[in-house]
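These protein sequences, in sequence, are chains A and B.
The first sequence begins at 15 in the numbering used here and counts up by one.
The second sequence begins at -10 in the numbering used here and counts up by one.
Quick reminder that beta carbons are idealized off the backbone N, C-alpha and C, glycines included.
See below for the structure under consideration.
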Amino acid sequence: RKEVEQDPGPFNVPEGATVAFNCTYSNSASQSFFWYRQDCRKEPKLLMSVYSSGNEDGRFTAQLNRASQYISLLIRDSKLSDSATYLCVVNNRGGGFKTIFGAGTRLFVKA
Amino acid sequence: NAGVTQTPKFRILKIGQSMTLQCTQDMNHNYMYWYRQDPGMGLKLIYYSVGAGITDKGEVPNGYNVSRSTTEDFPLRLELAAPSQTSVYFCASSPRVGQGHQPQHFGDGTRLSIL
């Protein structure tokens, strides 16, 4: 089992749609969680951190479920510019420092 | 602030050649990382450093070496280039705040082809 798993997609949605991505992680000792966005042939960029209580940034909402070991990202009112690959990132500690990137979920938003 | 700067942006090497990928950051971050990303795949950690003089292996260190003589610089060395090392290489850095993990800031990447 991969340490961080994401549905690779692609998700094809129309503008204005709501879309949700899930990510599961295997290490129950994982400490911090992030969502990154990566455009084609570009570097990953931080979208948002994920906090235990859940957090929102404009049209984006991130949630963490430690009991079930998954995090989610909800995008409301999708824009064409949201088309990208969304990476789930998990940081572990214990036996050394470890950051694990998921392989990413591709999103295409169409007019 | 320039952030994380990687050079070169593109490079073609012949099998067996060596080269150094440069990475420098001006944010005074303690942590620095090197990743590789193969087409359609996720990032894999090659090496990381938690401060000057300290480096450690990541998931895929074979065929690479690093050094961290200063806080700002974290070069990645390929000694004997092999076709399997054709990839996009990203350098990243993050601050250390208490015991928490902070998000990483990435450079633009170096696209390396080994022929």
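Query raised in the report: Since residue 97 of chain B meets chain D, which of its residues come closer than 7 Å, beta carbon to beta carbon?
Result: Looking at the structure shown, chain D is missing, and the protein chains on hand are A and B.
Query - Backbone CA spacing between residue 75 of chain A and residue 125 of chain A [nearest angstrom] - result: Position 61 of the first sequence, counted from the first residue, corresponds to residue 75 of chain A. Position 111 of the first sequence, counted from the first residue, corresponds to residue 125 of chain A. Approximately 23 Å between the Cα atoms of the pair.
Query raised in the report: How do the segment -6 to 14 of chain B and the segment 111 to 124 of chain A stand: do at least 3 beta-carbon pairs fall below 8 Å, yes or no?
Result: The segment -6 to 14 of chain B, when compared against the segment 111 to 124 of chain A, does not touch it at the 8 Å Cβ threshold.
Query raised in the report: Between residue -7 of chain B and residue 37 of chain B, what straight-line distance do the alpha-carbon atoms span, to the nearest angstrom?
Result: Counting from one through the second sequence, the residue named residue -7 of chain B turns up at place 4. Counting from one through the second sequence, the residue named residue 37 of chain B turns up at place 48. In this structure, the straight-line span from the alpha carbon of residue -7 of chain B to that of residue 37 of chain B is close to 15 Å.
Requested in this report: Sort A:94, A:104, A:100, A:113 by Cα distance to residue 78 of chain A and report the nearest one.
Outcome: Against the first sequence, residue 78 of chain A aligns to sequence position 64. When only C-alpha atoms are compared, the closest one is A:104.
Requested in this report: Please confirm if the segment 11 to 21 of chain B is in contact with the segment 49 to 68 of chain A, defined as three or more CB-CB distances below 8 Å between the two stretches.
Outcome: Contact between the segment 11 to 21 of chain B and the segment 49 to 68 of chain A is absent, because fewer than three Cβ pairs lie under 8 Å.
Report task. Determine, using beta carbons only, whether residue 57 of chain A and residue 98 of chain B come nearer to each other than 8 Å. Result -> For the purposes of this step, residue 57 of chain A is identified with residue 43 of the first sequence, where counting begins at 1. For the purposes of this step, residue 98 of chain B is identified with residue 109 of the second sequence, where counting begins at 1. Yes, they are a contact pair.
Query raised in the report: residue 61 of chain B: which of B:77, B:7, B:35, B:11 sits nearest, CA to CA?
Result: Position 72 of the second sequence, counted from the first residue, corresponds to residue 61 of chain B. It is B:11.
Query raised in the report: Taking the alpha-carbon positions, what's the residue 103 of chain B to residue 88 of chain A distance?
Result: Counting from one through the second sequence, the residue named residue 103 of chain B turns up at place 114. Counting from one through the first sequence, the residue named residue 88 of chain A turns up at place 74. Residue 103 of chain B and residue 88 of chain A: Cα-Cα distance of roughly 40 Å.
Requested in this report: Could you pull out every unbroken alpha helix (DSSP H) segment of at least 4 residues lying fully inside the segment 14 to 89 of chain B, listed in chain order?
Outcome: Runs of the alpha helix (DSSP H) spanning 4 or more residues and lying entirely within the segment 14 to 89 of chain B do not occur at all.
Query - Given residue 50 of chain A as reference, the closest of B:29, B:92, B:96 once Cα atoms are compared - result: For the purposes of this step, residue 50 of chain A is taken as residue 36 along the first sequence, with counting starting at 1. Scanning B:29, B:92, B:96 for the CA closest to the CA of residue 50 of chain A turns up B:92.
Query raised in the report: Using a Cβ-Cβ cut-off of 7 Å (strictly less than) and excluding sequence neighbours within five positions of residue 33 of chain B, which residues of its own chain qualify?
Result: To locate residue 33 of chain B, count along the second sequence from 1; it is residue 44. Once the five neighbours on either side are set aside, the close Cβ partners of residue 33 of chain B are 24, 25, 48, 49.
Report task. Would you mind telling me which residues of chain A sit closer than 8 Å to residue 30 of chain B, beta carbon to beta carbon, in chain order? Result -> Position 41 of the second sequence, counting from 1, holds the residue named residue 30 of chain B. Close to residue 30 of chain B, with beta-carbon spacing below 8 Å, are these residues of chain A in chain order: 117.
Query raised in the report: When burial is assigned at 16 or more other CB atoms within 10 Å of the CB, is residue 43 of chain A buried or exposed?
Result: Here residue 43 of chain A is taken as the residue at index 29 of the first sequence, counted from 1. Under this definition residue 43 of chain A is an exposed residue.
Query raised in the report: By Cβ distance, which residues of its chain are closer than 8 Å to residue 41 of chain B, with the 5 residues on each side in sequence left out?
Result: Residue mapping note: residue 41 of chain B aligns to position 52 of the second sequence, counting from 1. Excluding residues within five positions, the ones whose Cβ falls inside 8 Å are 57, 58, 59, 60.
Query raised in the report: From which residue to which residue does the beta strand (DSSP E) around residue 37 of chain A run?
Result: Against the first sequence, residue 37 of chain A aligns to sequence position 23. 33 to 39 is the extent of the beta strand (DSSP E) around residue 37 of chain A.
Query - Three-state class that DSSP yields for residue 182 of chain A in the structure shown - result: As displayed, chain A neither begins before 15 nor continues past 125, which places residue 182 of chain A out of reach and without an answer.
Requested in this report: Alpha carbon to alpha carbon, how far is residue 29 of chain B from residue 114 of chain A? Give it in angstroms, no decimals.
Outcome: Here residue 114 of chain A refers to the residue found at position 100 when the first sequence is read from its first residue. Here residue 29 of chain B refers to the residue found at position 40 when the second sequence is read from its first residue. Going from the Cα of residue 114 of chain A to the Cα of residue 29 of chain B covers about 16 Å.
Query - Cβ shell of residue 102 of chain A (< 7 Å), same chain only, five flanking positions each side left out - result: Against the first sequence, residue 102 of chain A aligns to sequence position 88. The residues are 18, 20, 37, 49, 85, 116.
**Report entry** Residues near residue 69 of chain A by beta carbon distance below 6 Å, same chain, minus five either side
**Finding:** The residue you call residue 69 of chain A lines up with position 55 of the first sequence. Result list for residue 69 of chain A: 76, in chain order.
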